[in-house]
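Novice: Would you mind keeping the following structure in view while I ask a few things?
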Amino acid sequence: DLVDWRKPLLWQVGHLGEKYDEWVHQPVDRPIRLFHSDFVEALSKTAWVSYTALAQGNTRLFSSFTTEYSIPVHKYYFPFIFLAGMFLWSLVEYLIHRFVFHMKPPASNYYLITLHFLLHGQHHKSPFDSSRLVFPPVPAALVVGFFYGLLRVLLPEMLGLSVFVGGLCGYVIYDMMHYYLHYGSPKKGTYLYGLKAYHVKHHFEHQKAGDG
1 DLVDWRKPLL
11 WQVGHLGEKY
21 DEWVHQPVDR
31 PIRLFHSDFV
41 EALSKTAWVS
51 YTALAQGNTR
61 LFSSFTTEYS
71 IPVHKYYFPF
81 IFLAGMFLWS
91 LVEYLIHRFV
101 FHMKPPASNY
111 YLITLHFLLH
121 GQHHKSPFDS
131 SRLVFPPVPA
141 ALVVGFFYGL
151 LRVLLPEMLG
161 LSVFVGGLCG
171 YVIYDMMHYY
181 LHYGSPKKGT
191 YLYGLKAYHV
201 KHHFEHQKAG
211 DG
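Numbered as in the UniProt record's numbering, the sequence shown ends at 212 without a single skipped number.
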């Protein structure tokens, strides 16, 4: 193989150069180790059950804040703003997946190849590594914090938080659905079965299509 699977992969992939794009889109059925440090490696993995509990708790917490501002969100308006946040997340996820995660890094740039593998390439290389199917809480907190701050700057406080809560819920649903599409067994002929088949093609047949 082009890499030594006995060692962490993150610092090896950047040396693949022109061979990286083809290599990363040849899936393997084995777990991946990214880091030398056991502590950092543990932070890069997530059990979906613990992630779900943490994310749902945060969503409920932020939802409770929407009625505590000087101009609270009316209970009749909140569901619509919440749904707008979910739709916004779906759009953002598609754009990131399509134009960032599946952007081919320059073969001469070690660091961009390494970053691509860290962000998404690892998932395409080992699509059935169950510990890497949902976003780890520590880096997720940084991303969530960024979008929270951005919405608070761009929108009035109560409106920004309400949109954020909807987006956060949409993100959790997306991550759980993604996990199910890899490990669930939907009944043949159902919508979820078709969705799973579509996603499997994204990994094994047409990696440049089927984003989102």
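For glycine and all other residues, C-beta sits at the position ideal for the given N, C-alpha and C.
Buried or exposed: where does residue 111 fall if 16 or more other Cβ atoms within 10 Å of its Cβ makes it buried?
Specialist: exposed
Novice: Do you know offhand how far residue 187's Cα is from residue 196's?
Specialist: 10 Å
Novice: What runs of the alpha helix (DSSP H), each 4 residues or longer, lie entirely inside the UniProt domain "Fatty acid hydroxylase" (82-207)?
Specialist: Fully enclosed alpha helix (DSSP H) runs of 4 or longer: 110-116, 122-125, 137-154, 157-183, 191-204.
Novice: If you compare alpha carbons, which of 91, 122, 86, 104 is closest to residue 18?
Specialist: Looking at the Cα atoms, 104 is the closest of the given residues.
Novice: Residue 76 by DSSP, collapsed to three states: which one?
Specialist: Residue state, collapsed to three classes: coil.
Novice: Between residue 162 and residue 95, what straight-line distance do the alpha-carbon atoms span, to the nearest angstrom?
Specialist: 22 Å
Novice: How long is the line joining the alpha carbons of residue 109 and residue 155, rounded to whole angstroms?
Specialist: 38 Å
Novice: Would you please state the rounded distance, in angstroms, between the beta carbons of residue 130 and residue 76? I believe it to be under 8 Å.
Specialist: Rounded, the Cβ-Cβ distance is 41 Å, inconsistent with contact.
Novice: In its own chain, which residues sit with a C-beta less than 6 Å from the C-beta of residue 117, not counting the 5 before and 5 after it?
Specialist: Within the same chain, Cβ atoms closer than 6 Å to the Cβ of residue 117 are found at 13, the five residues on either side in sequence being excluded.
Novice: Where residue 25 and residue 157 are concerned, what is the direct C-alpha to C-alpha distance, given to the nearest angstrom?
Specialist: 43 Å
Novice: Could you please give the first and the last residue of the uninterrupted alpha helix (DSSP H) stretch that includes residue 21?
Specialist: Its alpha helix (DSSP H) spans residues 20-24.
Novice: What three-state label does DSSP hand residue 42 in the structure shown?
Specialist: helix
Novice: What do you reckon, are the CB atoms on residue 102 and residue 208 nearer than 8 Å?
Specialist: By the CB criterion at 8 Å, residue 102 and residue 208 fall inside the cutoff.
Novice: Quick one: is residue 201 buried, meaning 16 or more other Cβ sit within 10 Å of its Cβ, or exposed?
Specialist: An exposed status is given to residue 201, since fewer than 16 other beta-carbon atoms sit within 10 Å of its beta-carbon.
Novice: Return helix, strand or coil for residue 11, following the three-state DSSP convention.
Specialist: coil
Novice: Under the assumption that residue 146 contacts residue 167 (Cβ atoms under 8 Å), give the Cβ distance between them as a whole number of angstroms.
Specialist: With 8 Å as the limit, residue 146 and residue 167 do not qualify as a contact, their Cβ atoms being about 12 Å apart.
Novice: Skipping 5 residues on each side, what residues in its chain have a beta carbon closer than 8 Å to that of residue 126?
Specialist: 27, 28, 29, 30, 31, 32, 132
Novice: Please state whether the Cβ-Cβ distance between residue 206 and residue 181 is less than 8 Å.
Specialist: no
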